[in-house]
Each structure stands twice: as structure tokens, then as C-alpha cells.
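Take a look at the structure set out below.
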Amino acid sequence: MVDADQTFVIVGGGLAGAKAAETLRTEGFTGRVILICDERDHPYERPPLSKGYLLGKEERDSVFVHEPAWYAQNDIELHLGQTVDAVDRAAKTVRFGEDGTLVHYDKLLIVTGAEPRRLDIPGTDLAGVHHLRRLAHAERLKGVLTSLGRDNGHLVIAGAGWIGLEVAAAAREYGAEVTVIAPKPTPLHGVLGPELGNLFAELHREHGVRFHFGVRLTEIVGQDGMVLAARTDDGEEYPAHGVLAAIGAAPRISLAEGAGLALADRAHGGGIAVDGRLRTSDPDIYAAGDVASFPHPLFGTRLRVDHWANALNGGPAAARAMLGKDVTYDRMPYFFSDQYDLGMEYSGWAPPGSYDEVVIRGDAGKREFIAFWTKEGKVLAGMNVNVWDVTEPIQQLIRSQAQVDSEALADPHVPLDSLVS
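In C-alpha cells:
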């Protein structure tokens, strides 16, 4: 039984941290819960930042995990706009970066998330260079897209991952001209491979987006602090009134690193190494969400999953583990995206080189299909595009590790449930 006098500290005020605090209370913990967030906004969800909120289809208040009054009502000590710059594992304290205040913990949860990778080229200090990770970024970018759309301005996007493509779609809906520059031969190359990456390239080209693949930005040209153009390593120059750096995100590990916690290697996405209970190399410190690298029993490797569902589920799992409950974190990696009239959901894990076939069920030409990445007849991952209510059977199929006939997998008349042996 957890003592009511204990103090649980959560460092990181995103979705994972907010849901962990909520879970501690719903599971009956009566001790102190301290939630420390380095942003001044209350904990919020990130998907709307590149989707509904960025497009102006969702109100600002809709992004928050809880109503502001919820924290006081549930006796959560919420510290907004505060950073933690050190953990003393021997003394079991965290230190606030602003004034050096020390706070004792009995259990500590690190959910510091990730931060946008920066372009290491001349011109990145110009006012027209943007990133998208925080609510403040989205608010600023929303204004930029509105202005670019009104003035027929040009947005150059470095990177063709999910954030880059979702912002490209939003920018086109505002009426801005969009050029996407990426080093790989297709969008989403590292996630979907060339087979499905081309489909997203065609979708965006139909909406007026220009792509330049196999090149990298080398310089952002400006005058009087404003962006004028973007140059690439093949000698080309593209007009730009704004540049979005969407080249991925890096886990925020400095706090864990300073505390001497074990870290995962880059081959496994970096981040803080945790066990199946989301416990770090220190038995009283846990990590979850974007910053945690956990061993997935199904895929037989460490994964660091930088998506909404991992924060939603990982925070509560870590909270239960902190309470001494029997926890095995083996949630299926899952994410979703909306671009123009295309909606998709992806479940599983199939990085380049891990699969030997992509099986299509449905009509890829009409963008109404399910794609399955398979190896030796076993389904590693599935993506449903404009086909709904199939996530559960897709995940069951992946978990079953059943040998599946490719023709049956491709046949829409064969129920997915029947393929699970």
C-alpha cells in the first residue's frame, strides 16, 4: 500500500504527464502529486496543432487535456512555466531551474517529450523560420499561413514526414504556395517505404504542392530579418516568405542524462531506456511518452514511439507502475493523420528493411484501402486509408503473428477476423 505521506513528482506537462496525474488519483493515491510543466499553458494534446487547430476548425480551448480548474479540484500541484534542471538521485530531489528550489520525491516520472530538430544552416535565425511542436508554435504558424494565403506567399517546408505533410495540406487550404524539400525519394520514406510514399506525393501534387526530392536545404536567404528564398545543395533557389523546419524531433534527455540514467542508443530511437514497467535504471524513477525507449515483447526490440497514442497510454501505465501495480507496457504503436480528404490510421511497426511485401486490400487508386506490411506471411503493420472501424482487427492480426495467405489478405470479401488463427 502506498503511503499517503508520499510525494510523486511528474516532470513534463504534456498529455503523458497530465494523464499520469489523473491516473494516480483515479487509482486512489492520496499523497502529494506535483506536476511541473515548462510551458505556461495548461497540459494540452498535440495532434490539433498540425490538424484542426492549425486549420481554424477547432477552438484553442479544445486542445487542453483538462479544464484548468481540474488540477486544483483533484489536488494536483501544477507548476506552469517552470523547469527542472537537475535530479539528485541520492537525496531524491528535483531542482527548479528558476530559483533552485529543491522538491523531494518518493517516485519520479520523467515525461519531458521531444523537441524539434533544428536546421544547421545559415539563415535559421530569421524571423520567418518556424517549427511546430508547441501550442505557441501553432498559434504563430496559423497567423503566418493566413498571411501567406492572403498574399499568395510561398512556404518552403524542409522535411516530408507527417508534420511537414500536414502543414503542407493546411497551407494549401489557406491558399499559400508550398514547396517541400526532402532528402529521400518519396514522402514518409522511412515510415511507409516507397510503395505508399508515392501515394502521398500524388495526393499533395493534386492539391498544388511542389516536391523536390533527393536534396537538402543549405541556406535560407533573407533581408532585414525576413525570409526571401531557400537554397538547396543542388544549386537551386526557391522563393520563400516562410520556412518550416519539419525534420523530426529529438527526445529531451538532458535531465535524465544529467542524473546518470541509462539511455537507449540511436539505433533504437534514443531516449531514456526503461523496462517493461516503464521503470528507468533507477527503481524510483520512471519515464513514458516520447522520451521513453521501451522493450516491445511482440517486435523483440526497443521502440521509442513519438505519437499521441503512446503518450495517452504510457502516462497512465507508468502511474500504475509507480503505485506498485503489475504493469507490462506492450501497447501497439498507433498514429493517425488527416490531409485534405484523406484520413488514415497506422498500427504496428515495419521500418524499411523489416518487411518483404506490401499487400493492398481495396482500391489504392481511389485512396480507399488497407495496406499490410508483411514478412514471411506475418503481418507487421497495417494502414487503413479512408476505411474505418478496422483498427482493432488489424492490431489483432499483428499480435496473432499468424501466417496469412497474401491473396486472402488482399481480398476485401475475406473478413480480417477470419485470418487470425
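Counting from -12, one number per residue, gives the positions in the sequence shown under this note's numbering. In this text, a Cβ means the ideal position worked out from N, Cα and C, and glycines have one as well.
With the rule of 3 Cβ pairs closer than 8 Å, the segment 60 to 67 does not count as touching the segment 176 to 186. Within the same chain, E355, F356, I357, V374 and P399 come within 7 Å of G349 by CB-CB distance, once the 5 residues on both sides are set aside. For T(-6), the CB contacts under 7 Å within the same chain, skipping 5 residues up- and downstream, are G18, R19, I21, H91, Y92 and D93 in chain order. Minimum Cα-Cα distance from D211 among the listed residues G110, E32 and S37 corresponds to G110. Counting every other CB atom within 10 Å of its CB across the protein chains shown gives N139 a total below 16, marking it as exposed. According to DSSP, residue pairing for T361 in a beta bridge involves E344 and V366.
Fewer than three beta-carbon pairs drawn from the segment 217 to 233 and the segment 246 to 254 are found closer than 8 Å, and the two stretches are therefore not classed as touching.
Judged by DSSP in its simplified three-state form, A114 adopts coil rather than helix or strand.
DSSP places Q382 in the uninterrupted alpha helix (DSSP H) bounded by T378 to S387.
A249 carries a coil assignment under DSSP once its states are collapsed to helix, strand and coil. If you check the CB distance, V346 and A397 come in under 8 Å. Between V407 and Q383 a beta carbon distance of about 5 Å is seen, short of the 8 Å cut, so the two are scored as contacting. P30 and F198 have their C-alpha atoms spaced approximately 35 Å apart.
For T315, there is no enclosing beta strand (DSSP E), as DSSP marks it with neither H nor E. Rounded to the nearest whole angstrom, the C-alpha separation of V314 and N300 is 12 Å. G146 and A101 have their C-alpha atoms spaced approximately 17 Å apart. Contact between L248 and S280 does not hold, since their C-beta atoms are separated by about 11 Å, which reaches or exceeds 8 Å. P226: member of the beta strand (DSSP E) spanning E224 to P226, first to last residue. In the structure shown, S324 falls within a strand segment according to DSSP collapsed to helix, strand and coil.
When rounded, the separation of the alpha-carbon atoms in L42 and D376 is 25 Å. From the listed residues A155, S37 and E160, the smallest Cα separation to A123 is found for S37. In the DSSP assignment, P238 falls within the unbroken beta strand (DSSP E) covering A236 to P238. Take the alpha-carbon of P103 and the one of G257: they are about 14 Å apart. The criterion of a C-beta distance shorter than 8 Å is not satisfied by V71 and A275. Between the alpha carbons of R266 and H53 lies a distance of about 26 Å. For H91, the enclosing beta strand (DSSP E) stretches over residues L89 to H91. In this model, G209 and L310 are separated by some 54 Å (Cα to Cα). The Cβ neighbour count for T166, taken over all protein chains shown within 10 Å, is at least 16; the residue is labelled buried. Around the beta carbon of R192, fewer than 16 other beta carbons sit within 10 angstroms, so the residue counts as exposed. A125 and P35 have their alpha carbons spaced roughly 9 Å apart. Judged by their CB atoms, L190 and L329 are nearer to each other than the 8 Å cut-off. For L285, the CB contacts under 7 Å within the same chain, skipping 5 residues up- and downstream, are D317 and R386 in chain order.
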